[in-house]
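Going left to right, the sequence shown walks through residues -16 to 305 as my numbering numbers them.
Yeah, the Cβ is synthetic: ideal placement off N, Cα and C, and Gly gets one too.
Just so we're clear, the structure is a prediction, and the values are computed from it rather than from any experiment.
Okay, so here's the structure we're looking at.
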Amino acid sequence: MPDGAPLMLTTWSFGPVANGPGMDVLRAGGSALDAVLAGATAVEEDPLINSVGVGGLPDADGHVSLDACVMTNPDRCGSVCCLRHYSSAAAIARAVMEKTIHVMLAGEGAEAFAARHGFARRELLTNAARAEWEKWRNDPKGINRDLYQGWVPPLNVEEVGVSVVGNAGRIQEPSHDTVSILALDARGELAGVCSTSGMAFKVPGRVGDSPIIGHGLYVDQTGGVGGAAAATGTGELIMGVCGSFLAVELIRSGRSPAEAIREVLGRITAKYRLGADHQVALIAMASDGRWASGALRPGFSHTISDGQGTRVEPAQAVVVPS
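This is the structure in structure tokens:
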């Protein structure tokens, strides 16, 4: 990082919700890990962001379940999935990383772990999210009721052209997507977090890419050649190519973050029969301060915070499948 200034890169237009508290940590000399956790927690606690934490849209049975992971290196990562009564998924994932010899805890075991470590139990389903679920459940058209056969999620707010960023006047809109956050601190150290309530109205028990190390998030700064990448979108597409791991491996082999993202998106277009509603986006960052974002289709935006302030911008690269 040439000037030693910290950086924070977050998926989607709600990124300022994360980057505000995260950059406060970085500007005070805090670690990249503390910064991404502060950012993720702010998003998880915001009920107007209905794809992460409190207010997340439920599964097909009307139950909210949360997944998250954190990472700073291959030997320093933690993950939780299928949390139903705890909003602090990213912080619980960090506790798994720091207080156990394991990487991932799931379901009732993850919740028991959270309780033992003092995390607050709470209701995740808000009235607004319940109303969206009831609307979906009662809609006789436009929904593939056989959820096990090719069902795809509704368009998120970016893709229908509605912003959720604002002040007190923000309103809740259709499904958004996973929050993924990467940070580079003044010491040149990278960290990442990924947190989600998963695909709206998903098959109960479904877990996507977000909590899986190497899929929704990967960070490797071993040997001074640092790279971090995180994903959002249709998790099943990301999982099949280990998208974040692949991006970081490409960065470590000498590719720029932009080149790495293009390669991952190209791999997805080559390996899958894509539907019109499929979307995948990635953000990537190197330890020298280079960063990039890209998506399969138009509609994705990232939020970048650096020495010039915080900006919500469209993806730098769009790889539209033929």
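Compute the Euclidean distance between the alpha carbons of histidine 198 and aspartate 58, then round it to the nearest angstrom.
-> If you take the alpha carbons of histidine 198 and aspartate 58, they lie about 16 Å apart.
If you drop the 5 nearest sequence neighbours on each side, which residues of the same chain put their C-beta closer than 7 Å to that of proline 240?
-> The answer, listed in chain order, is Ile234, Ala267, Met268, Ala269, Arg273, Trp274, Ala275.
Between which two residues does the beta strand (DSSP E) harbouring leucine 233 extend?
-> Unbroken run through leucine 233 is the alpha helix (DSSP H), 226 to 235; no beta strand (DSSP E).
Rounded C-alpha distance that separates glutamine 132 from aspartate 203 | Residue placement at glutamine 132 is poorly supported in this model, since its pLDDT is 46, which falls under 50; the coordinates still yield a value, given next. Distance between the alpha carbons of glutamine 132 and aspartate 203: 36 Å.
Apart from the five residues just before and just after serine 71, which ones in its own chain have a Cβ nearer than 6 Å to its Cβ?
-> Here the set comprises Phe102.
Are the CB atoms of leucine 9 and methionine -9 nearer to each other than 8 Å?
-> Contact: yes.
Residue from Leu40, Gly61, Pro4, Ser48 whose Cα sits closest to the Cα of valine 176 | Nearest in C-alpha terms to valine 176, of all of Leu40, Gly61, Pro4, Ser48, is Gly61.
Cut-off 7 Å between Cβ atoms - residues of its own chain near methionine 80, not counting five sequence neighbours on either side | Closer than 7 Å at Cβ, skipping near neighbours: Val53, Arg59, Cys60, Gly61.
Serine 14 versus glycine 209 - alpha carbon distance = Distance between serine 14 and glycine 209, taken at the CA atoms: about 16 Å.
For valine 135, three-class secondary structure by DSSP | Unreliable placement is indicated for valine 135, whose pLDDT of 49 sits below 50; the coordinate value is still reported in the next sentence. In this structure, valine 135 counts as coil in the three-state DSSP scheme.
Using alpha carbons as the reference points, say which of Ile32, His85, Ala74, Gly171 lies closest to alanine 51.
-> Looking from the CA of alanine 51, the closest CA among Ile32, His85, Ala74, Gly171 belongs to Ala74.
Going along the chain, which residues of its own chain have a beta-carbon closer than 8 Å to the beta-carbon of asparagine 150, five neighbours each way excluded?
-> Bear in mind that the predicted position of asparagine 150 carries a pLDDT of just 34, short of 50, making it too unreliable to give a figure here.
Compute the distance between the beta-carbons of valine 351 and leucine 248, then report whether it is under 8 Å.
-> Here the chain comprises residues numbered -16 to 305, so residue 351 is not present and cannot be evaluated.
Where does alanine 179 land, buried or exposed, given buried means 16+ other C-beta within 10 angstroms?
-> One detail in the question is off: residue 179 reads as threonine in this sequence, not alanine. Threonine 179 comes out buried.
Below 7 Å CB to CB, which residues in the same chain sit around lysine 185 once its five sequence neighbours on both sides are set aside?
-> Counting only residues of its own chain and dropping the five nearest sequence neighbours on each side, lysine 185 has a CB closer than 7 Å to the CB of Asp42, Ala43.
Can you round the beta-carbon distance between alanine 183 and alanine 174 to whole angstroms, since I take them to be within the 8 Å contact cut?
-> No, alanine 183 and alanine 174 are not in contact; Cβ-Cβ is about 28 Å, not under 8 Å.
Where valine 147 falls: helix, strand or coil (DSSP) = Only weak support exists for where valine 147 lies, its pLDDT of 40 falling under 50; the value from the coordinates is given anyway. Three-state result, valine 147: coil.
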